[in-house]
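What follows is one structure encoded as structure tokens, with my remarks underneath.
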Amino acid sequence: MNQIRITVVVAVSLLSAAAFAAPVKVSIDSGTLVGESNDGVNSFKGVPFAKPPVGDLRWSAPQKPDKWRGERDATQFQLPCPQPTNPDGKTLNGGGVSGKTAEDCLYLNVVAPANAKDAPVMVWLYGGASFLGGAHLGSYNAPTFAKNGVIIVTTNYRLGPLGSFAHPALTKAAKPNEPIANYALMDAVATLQWVQRNIGKFGGDTKNVTVFGQSAGGAMVVNLLGIPSAKGLFAKAGIQSGAALRPGMNMAAGEKTGSEWAGKMGLDANATMEQLRAIPVEKFATNNETARSMGSPIDGRFKTKSTQDAFADGSASYVPLIIGSNNGEGGFDGARAVATAMSAKAPVFLYQFAYVPEWRKVAQPQGAPHSAEIVYVFDSWNTTAQPVAGVAQVDRDIAKRVNSCWVAFAKAEAKAKSLTCADGFTWPAFTAANDDAAVLAAQAKMVKSKALPNGPPPGAPRGSAAPN
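Structure (structure tokens):
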């Protein structure tokens, strides 16, 4: 009996120690943050990287945040940006969020190894069709990257019409050379600028920053490759299920779309900026139609050309790239096209994710659906809000391998010709000549990319694994 009591006491003590989070402080250019340190990982949540984009700052380029006196609590996530949400507080909306949102939403989170020194940094842009999602979601906030020596920064960005909006009144009110229309992309650049100013305080290497994203976040990375003000802010890039090179939208088309949206808000063709900025934020996300993003027009100031044109004239940011899609969603041809353009001047690691757990094969017969790879990239089965009752050890082992490949990419030299993952899998770089691509499945293997399908056969069902 005494032995049992001792065992219970020891077990409870160990659990208490594992759950204990000690305060940890860091001073950045805006002030001092107080975060948490637990099990060799430091986390700082709800860190402002810009002033609240409200009032006169709605539809304005992000401004540096105000400095604060004393210490700022950084142990709680801030609210995500306005978007449609489900009222039951439980069901997630296809990668979106449940519960409260706020227009004051330009905050980021940092998860870093304790005592990090010159650690590689990865900045994550979440997906959600450019009108859903948030940096706080559990699938993005596992400690695994940090435990493997990589700092992760997850960041909010403005969504829907707040993140992408062109309108004649906005164009008229803008000062010469003032960037307009592409506010979500401006938020991404502001995050990367914050990282360059501050990540060294967390032990990060400003010369080894990877910006990566999935779906809409991946498409943002594609855009960042062609945006002049983003050049030099990141050394590597990752695009998961968001690769496409397209001609750019002109401002006339963007303004037409914006004017039509303003009409749905009850404003006529002569609406002023004052009237537009007075629209209650609650009206932006009442339904999926009025909440959707309006594209990414070329304003000639911030976004001067499409990334397709930037690759064509050689002005793109040529950086090491990890890129691919899932075999149950489509889009691999677009990933291959971007990989081919980038591989002319930088190492590229091309993949198709093709793993479906046994317990999901009935629901996902077409293969790994959109967003399915996220929980494996982040190795976040322990933090995701997805149902995990059926998760087997093999699923966790594959997550460990996939995460290790992304860690290897973050740590790789700029001219690396291959990556070595945790289980010894070697992933050679893709070139137009060798056509090498990794299939990330139950057993990882290298194949020729042209042998891989773009996605499921026409007419096959295509689901989505919400990355919550």
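Just so you know, we're using the numbering used here here: the sequence shown kicks off at 30 and counts up by one. No residue lacks a Cβ here, since even glycine has one placed at the ideal position from N, Cα and C. From a predicted model like this one, the values you see are computed outputs, not experimental measurements.
Tell me whether residue i sits in a helix, a strand or coil according to DSSP, three-state version.
i, result
"residue 430", "helix"
"residue 130", "coil"
"residue 380", "strand"
"residue 456", "strand"
"residue 105", "coil"
"residue 208", "coil"
"residue 37", "Note that residue 37 scores 31 on pLDDT, short of 50, meaning its location in the model is unreliable and no value can be drawn from it."
"residue 487", "coil"
"residue 410", "coil"
"residue 301", "coil"
"residue 45", "Interpretation of residue 45 is limited by its pLDDT of 40, a score under 50 that renders its predicted location unreliable; the figure taken from the coordinates is listed afterwards. Residue state, collapsed to three classes: helix."
"residue 32", "With a pLDDT of only 37 at residue 32, under 50, the local geometry of the prediction cannot be trusted, and no value is derived from it."
"residue 252", "helix"
"residue 167", "helix"
"residue 287", "helix"
"residue 473", "coil"
"residue 447", "strand"
"residue 363", "helix"
Throw me the rounded Cβ distance for the residue i and residue j pair, which I believe falls under 8 Å.
i, j, result
"residue 265", "residue 239", "4 Å"
"residue 197", "residue 288", "7 Å"
"residue 55", "residue 230", "5 Å"
"residue 144", "residue 127", "36 Å between Cβ atoms; not a contact."
Do the CB positions of residue i and residue j come within less than 9 Å of each other?
i, j, result
"residue 155", "residue 295", "no"
"residue 211", "residue 142", "no"
"residue 384", "residue 405", "yes"
"residue 168", "residue 263", "no"
"residue 484", "residue 354", "yes"
"residue 64", "residue 98", "no"
"residue 78", "residue 290", "no"
"residue 464", "residue 447", "no"
"residue 165", "residue 112", "no"
"residue 310", "residue 191", "yes"
"residue 189", "residue 320", "yes"
"residue 306", "residue 75", "no"
"residue 363", "residue 272", "yes"
"residue 336", "residue 274", "yes"
"residue 80", "residue 137", "no"
"residue 153", "residue 246", "yes"
"residue 292", "residue 193", "no"
"residue 302", "residue 161", "no"
"residue 339", "residue 386", "no"
"residue 357", "residue 396", "yes"
"residue 471", "residue 450", "no"
"residue 440", "residue 250", "no"
"residue 414", "residue 497", "yes"
"residue 233", "residue 148", "yes"
Beta strand (DSSP E) segments (min. 3 residues) lying fully within the segment 316-358:
With a minimum length of 3 residues, the continuous beta strand (DSSP E) runs that stay inside the segment 316-358 are 350-355.
Runs of alpha helix (DSSP H) wholly within the segment 47-117 (minimum 4 residues, chain order):
none
Would you say the segment 176-185 touches the segment 213-226, given that touching needs at least three Cβ pairs under 8 Å?
yes
Is there contact here, the segment 414-425 with the segment 328-336, by at least three beta-carbon pairs under 8 Å?
no
Write down every uninterrupted run of the alpha helix (DSSP H) in the segment 189-247 whose length is 4 residues or greater and which is fully enclosed by it, in chain order.
Unbroken alpha helix (DSSP H) runs of no fewer than 4 residues, entirely contained in the segment 189-247, are found at 189-192, 197-202, 212-227, following chain order.
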